[in-house]
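Peer 1: What follows is a single structure, and I will ask about it in a moment.
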Amino acid sequence: QAKVEAAIRSQLYLGPTHVEAVCNVLGVSRSTLQRRLSEEASSFQAILDRVRFDLASRYLSKSDFSVSEISMMIGFMDPKSFFRAFKRKFGQTPEEYRGLKTGRR
Numbered sequence: 053q054a055k056v057e058a059a060i061r062s063q064l065y066l067g068p069t070h071v072e073a074v075c076n077v078l079g080v081s082r083s084t085l086q087r088r089l090s091e092e093a094s095s096f097q098a099i100l101d102r103v104r105f106d107l108a109s110r111y112l113s114k115s116d117f118s119v120s121e122i123s124m125m126i127g128f129m130d131p132k133s134f135f136r137a138f139k140r141k142f143g144q145t146p147e148e149y150r151g152l153k154t155g156r157r
């Protein structure tokens with residue numbers, strides 16, 4: 053999973069990260085990657101989500117990037133999609149999260 057996470061991180065700056073791009077970086081087929089992750093009780097989407105939200109929480113806590121900039125940096129094409137996904141994951145908006153982590157409201 054660590055190699056998959058590293059490959060995802062290397063691809064995020066290019067925009068939405070797809071399993072095919074990560075497979076190319078790792079030099080494995082899609083079915084091989086899916087089988088290996090399944091053996092570890094994981095999935096590409098679960099790892100992608102974990103990486104995205106880890107980066108989002110770091111950026112919100114330790115940078116002045118706007119929420120729109122952060123959404124693009126972690127591979128969301130639409131800031132509204134990021135906003136909804138973040139709220140589902142953390143139970144608060146990105147702005148609320150930033151305010152709690154930084155003391156800025």
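So for the sequence shown, the working numbering puts the first residue at 53; every next one is plus one.
Where is the CB? At the ideal position from N, CA and C, for every residue including glycine.
1) What do you reckon, are the CB atoms on Tyr-111 and Met-124 nearer than 8 Å?
2) Using the rule of at least 16 other Cβ atoms within 10 Å of the residue's Cβ for burial, across every protein chain shown, is Arg-140 buried or exposed?
3) Beta-carbon within less than 8 Å of Phe-117's beta-carbon, same chain only, minus the 5 sequence neighbours each way: which residues are those?
4) Identify the continuous alpha helix (DSSP H) that holds Asp-130 and give its terminal residues.
5) Would you call the CB atoms of Ser-94 and Gln-63 closer than 8 Å?
6) In angstroms with no decimal places, state the Cα-to-Cα distance between Gly-67 and Val-103.
7) Considering only residues of the same chain and omitting the five flanking positions on each side of Ala-73, which have a CB-CB separation below 6 Å?
Peer 2: Put simply:
1) In this structure, Met-124 does not lie closer than 8 Å to Tyr-111 by Cβ.
2) exposed
3) Here the set comprises Tyr-111 and Met-125.
4) Premise fails: Asp-130 is in no alpha helix (DSSP H) and is neither H nor E.
5) Taking C-beta atoms as the reference points, Ser-94 and Gln-63 fail to come closer than 8 Å.
6) 14 Å
7) Gln-63
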